[in-house]
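Taken in sequence, the protein lines are chains L and Z.
Be aware that the first sequence starts at 142, since it is given in this note's numbering, and climbs by one per residue.
Be aware that the second sequence starts at 14, since it is given in this note's numbering, and climbs by one per residue.
We put the CB at the ideal spot given by N, CA and C, even for glycine.
Take a look at the structure set out below.
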Amino acid sequence: MTLSGIAKQFRSGILDNNPVLIQLLGMCPTLATTTSVANAIGMGLAATAVLTCSNILISLLRKFIPKQVRIAVFIVIISGFVTAVELLMKAYFFELYGALGLFIPLIVVNCIILARAEAFASKNPVLPSAIDGLASGIGFTSALVVIASVRELLGNGTFLGLEVLGKNYPDAVVFILPAGAFLTLGFIVALVQMLKNKADNKKCEKEAVAEALEKAATAAGEEVQA
Amino acid sequence: MPDVLKKNKTLFQSVKMVLVLFLTTALTAGVLSSVNSLTKDKIEENLGGEIRKSFVEMFGEGIEYQALGDLPAGAEAIYEITYNGKTYYCVSVNSSGFGGDINILATFDKGGRIAGVSVVSHSETPGIGTNVFEDSYLAKFRGKATADEVDAISGATVSSKALKSGISTAFDILAGAGMISSGGEGK
Numbered sequence: 142m143t144l145s146g147i148a149k150q151f152r153s154g155i156l157d158n159n160p161v162l163i164q165l166l167g168m169c170p171t172l173a174t175t176t177s178v179a180n181a182i183g184m185g186l187a188a189t190a191v192l193t194c195s196n197i198l199i200s201l202l203r204k205f206i207p208k209q210v211r212i213a214v215f216i217v218i219i220s221g222f223v224t225a226v227e228l229l230m231k232a233y234f235f236e237l238y239g240a241l242g243l244f245i246p247l248i249v250v251n252c253i254i255l256a257r258a259e260a261f262a263s264k265n266p267v268l269p270s271a272i273d274g275l276a277s278g279i280g281f282t283s284a285l286v287v288i289a290s291v292r293e294l295l296g297n298g299t300f301l302g303l304e305v306l307g308k309n310y311p312d313a314v315v316f317i318l319p320a321g322a323f324l325t326l327g328f329i330v331a332l333v334q335m336l337k338n339k340a341d342n343k344k345c346e347k348e349a350v351a352e353a354l355e356k357a358a359t360a361a362g363e364e365v366q367a
Numbered sequence: 014m015p016d017v018l019k020k021n022k023t024l025f026q027s028v029k030m031v032l033v034l035f036l037t038t039a040l041t042a043g044v045l046s047s048v049n050s051l052t053k054d055k056i057e058e059n060l061g062g063e064i065r066k067s068f069v070e071m072f073g074e075g076i077e078y079q080a081l082g083d084l085p086a087g088a089e090a091i092y093e094i095t096y097n098g099k100t101y102y103c104v105s106v107n108s109s110g111f112g113g114d115i116n117i118l119a120t121f122d123k124g125g126r127i128a129g130v131s132v133v134s135h136s137e138t139p140g141i142g143t144n145v146f147e148d149s150y151l152a153k154f155r156g157k158a159t160a161d162e163v164d165a166i167s168g169a170t171v172s173s174k175a176l177k178s179g180i181s182t183a184f185d186i187l188a189g190a191g192m193i194s195s196g197g198e199g200k
């Protein structure tokens, strides 16, 4: 486990393979909890905690779990963690629980968690699995925060509950309503794809230029020889 | 490993399958029950504190309240509140909203006017239905004779209706028990 390997994993979880904006996983909590930035952060952190813990435990148990029942075992482990998080939140972060209450149990069916368990934690050692969970969790949280910032700012004129666009701003309520969630997500995904294509094109161009230069150099070399 | 199982690999595999699933479930249940017993008191305290906080917000410091027994149907709890020498009655009722039950505390004075409304727990959509539980909206009910005198919040129709019907139910319960005069509801 080298340092650059860890950095690569974080980069993959947060940017290159962002669970929400690139893989389009976990759409239910993404669309439902992004009505305010505070909710998005709460949901993101709760899911990150569950994701990291379940990745660690599943990676530890990966040699004992028979293939045929692995999905059932994963779900039992994940729902165990989710219930624990729900109880702890109710006991120690009562206000946040009041705001998110309904969505906490739904972390169980967040497919990012099952996807990471199945695709990564069940095949890799503990440390990379823990980092993978943490990286995907941060990727999930940051995507939620980006979407929620747009929705809260346009729909309510506030950011994290603070008045930003002034009292006279006519709230575009549609952004707070479910339709606004789809609109915002669609535009952000399109923007991400555009940036990604641009970066890919640049990479291709660079490669093409390098190839042409190499060709020219060999041709020049042949000429000299001749 | 016993010889019988060694000979019969498939049998061993199915037994292992069942055993692993059983053990995971049993262990998870065990861990959860201990988390539950660890957090139970704190959660109850939070909910109890929420009720006291609601009363203090409705009236102010120095209120006294006690829970009454003999609950009529539909009431989760009834509290008799004394504040500044006046007596108020508060009912805790459940009203079904968009995402599940909303637990409402509705307080009335003896004449049947609404003295205060607060919400203890709910499962409404954050950012939409929860607008109904903002203090500025709940404060509009204070001093009104019926819940219908306050307009619903647009975009949160179901939650608004649930809140109002909860308040009406609370009124009917108290009026039915003869604790408040039923004149306030305009009947």
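Span of the beta strand (DSSP E) around residue i
| i | result |
| --- | --- |
| L/Thr325 | First-last for L/Thr325: 319 to 366, but that is the alpha helix (DSSP H), not the beta strand (DSSP E). |
| Z/Tyr102 | 99 to 109 |
| Z/Val130 | 127 to 134 |
| Z/Tyr150 | Z/Tyr150 -> not in any beta strand (DSSP E); alpha helix (DSSP H) instead, spanning 148 to 151. |
| Z/Leu81 | 77 to 81 |
Delimiting residues of the alpha helix (DSSP H) encompassing residue i
| i | result |
| --- | --- |
| Z/Asn49 | 22 to 71 |
| L/Ala232 | 211 to 233 |
| L/Glu293 | 267 to 297 |
| Z/Asp164 | Neither: Z/Asp164 is in no alpha helix (DSSP H) and is coded neither H nor E. |
| L/Leu172 | 168 to 174 |
| L/Ser200 | 178 to 202 |
| L/Leu144 | 144 to 152 |
| Z/Ile141 | Where Z/Ile141 is concerned, there is no enclosing alpha helix (DSSP H), given that its DSSP letter is neither H nor E. |
| L/Ala256 | 252 to 257 |
Residue i versus residue j: straight-line alpha-carbon distance, rounded
| i | j | result |
| --- | --- | --- |
| L/Ser195 | L/Ile329 | 29 Å |
| Z/Lys157 | Z/Ala165 | 15 Å |
| L/Ala173 | L/Phe323 | 10 Å |
| Z/Tyr102 | Z/Ile180 | 13 Å |
| L/Ala181 | Z/Gln26 | 44 Å |
| Z/Glu198 | L/Ile197 | In this prediction, Z/Glu198 scores a pLDDT of 45, lower than 50, which makes its location untrustworthy; no coordinate-derived value is stated. |
| Z/Gly43 | L/Val249 | 19 Å |
| L/Tyr238 | Z/Thr37 | 27 Å |
| Z/Val33 | Z/Asn21 | 18 Å |
| Z/Asp148 | Z/Phe154 | 10 Å |
| L/Cys252 | L/Gly167 | 5 Å |
| L/Glu227 | L/Gly327 | 31 Å |
| Z/Ser167 | L/Phe261 | 45 Å |
| L/Phe234 | Z/Thr95 | 31 Å |
| L/Thr385 | L/Arg292 | No answer is possible for residue 385 of chain L: it lies beyond the span of chain L, which begins at 142 and ends at 367. |
| L/Cys345 | L/Glu352 | 10 Å |
| Z/Ser105 | Z/Glu93 | 12 Å |
| Z/Ala190 | L/Ala256 | 56 Å |
| Z/Lys99 | Z/Lys123 | 9 Å |
| L/Pro160 | L/Arg152 | 12 Å |
| Z/Ala169 | L/Val314 | 12 Å |
| L/Lys208 | Z/Val28 | 13 Å |
| L/Gln150 | L/Val178 | 26 Å |
| Z/Ile64 | L/Gly302 | 25 Å |
| L/Leu294 | L/Gly307 | 11 Å |
Whole-Å CB distance - residue i paired with residue j, under 8 Å assumed
| i | j | result |
| --- | --- | --- |
| Z/Ala88 | Z/Ala80 | About 11 Å separates the two Cβ atoms, so there is no contact after all. |
| Z/Met71 | Z/Gly125 | In fact, because the Cβ distance is near 16 Å, the residues do not count as touching under 8 Å. |
| Z/Lys118 | Z/Ser131 | For the record, residue 118 of chain Z in the displayed sequence is Leu; it is not Lys. Sure, about 5 Å apart at Cβ, within 8 Å. |
| Z/Ile115 | Z/Leu176 | 7 Å |
| L/Val219 | L/Ile254 | Rather than Val, the amino acid found at residue 219 of chain L in this sequence is Ile. Contact flag correct, Cβ pair sits at about 6 Å. |
| L/Phe215 | L/Ala187 | L/Phe215 to L/Ala187, Cβ: 18 Å. No contact. |
| L/Ser283 | L/Ile155 | 6 Å |
| L/Ala225 | Z/Val48 | 5 Å |
| L/Leu241 | L/Met184 | 6 Å |
| L/Ser200 | L/Ser270 | 4 Å |
In DSSP terms, what residue i is bridged to
| i | result |
| --- | --- |
| Z/Ala88 | Z/Val106 |
| Z/Ala119 | Z/Val104, Z/Val130 |
| Z/Asp114 | Z/Ser109 |
| L/Leu303 | L/Phe300 |
| Z/Ile94 | Z/Tyr78, Z/Tyr101 |
Subject >> Interfacial residues, the stretch 45 to 56 of chain Z to chain L, with Cβ spacing under 9 Å >> reply: Result list: Leu45, Val48, Asn49, Leu51, Thr52, Lys53, Asp54, Lys55, Ile56.
**OP:** Check each residue of the stretch 226 to 240 of chain L: if its Cβ is closer than 9 Å to any Cβ of chain Z, include it; give the result in chain order.
**Re:** Residues of the stretch 226 to 240 of chain L with a C-beta atom less than 9 Å from some C-beta of chain Z are Leu228, Leu229, Lys231, Ala232, Tyr233, Phe235, Tyr238, Gly239, Ala240, listed in chain order.
Subject >> Within 7 Å of chain Z by C-beta, residues of the stretch 286 to 320 of chain L in sequence order >> reply: Against chain Z - using a Cβ distance shorter than 7 Å - the residues of the stretch 286 to 320 of chain L are Val314, Ile317, Leu318.
**OP:** Taking a Cβ distance cut-off of 7 Å, strictly less, list which residues of the stretch 199 to 227 of chain L are near chain Z, in chain order.
**Re:** Residues Phe205, Ile206, Pro207, Gln209, Val210, Ala213, Val214, Val217, Ile218, Gly221, Thr224, Ala225.
**OP:** For the stretch 168 to 196 of chain L, enumerate the residues whose C-beta is nearer than 8 Å to any C-beta of chain Z, in chain order.
**Re:** Those residues of the stretch 168 to 196 of chain L that come within reach of chain Z (Cβ to Cβ, closer than 8 Å) are Ala173, Thr174, Thr176, Ser177, Asn180.
Subject >> chain L contacts from the stretch 109 to 141 of chain Z (Cβ-Cβ distance under 8 Å) >> reply: Going along the stretch 109 to 141 of chain Z in chain order, one finds Gly112, Gly113, Ser134, His135, Ser136, Glu137, Thr138, Pro139, Gly140, Ile141 with a Cβ nearer than 8 Å to chain L.
Subject >> Short-range partners of chain L found in the stretch 51 to 85 of chain Z, where Cβ spacing is below 9 Å >> reply: Taking 9 Å as the Cβ-Cβ cut-off against chain L, the residues of the stretch 51 to 85 of chain Z that qualify are Leu51, Thr52, Lys53, Asp54, Lys55, Ile56, Glu58, Asn59, Leu60, Gly62, Glu63.
Original post:
Using Cβ-Cβ distances below 8 Å, what residues of the stretch 90 to 105 of chain Z are close to chain L?
Top reply: So the list is empty, because no residue satisfies the distance condition.
**OP:** Check distances from the C-beta atoms of the stretch 162 to 195 of chain Z to those of chain L and list, in chain order, the residues that come in under 9 Å.
**Re:** Residues Ser167, Gly168.
**OP:** With 7 Å as the C-beta to C-beta threshold (strictly closer), list the residues of the stretch 28 to 44 of chain Z near chain L in chain order.
**Re:** For the stretch 28 to 44 of chain Z, the beta-carbon criterion of a distance under 7 Å to any beta-carbon of chain L is satisfied by Lys29, Met30, Val33, Leu34, Thr37, Thr38, Thr41, Val44.
Original post:
What residues from the stretch 239 to 270 of chain L come within 7 Å of chain Z, judged by C-beta to C-beta, listed N to C?
Top reply: Using a CB distance below 7 Å, the part of the stretch 239 to 270 of chain L facing chain Z consists of Ala240, Leu241, Gly242, Leu243, ordered along the chain.
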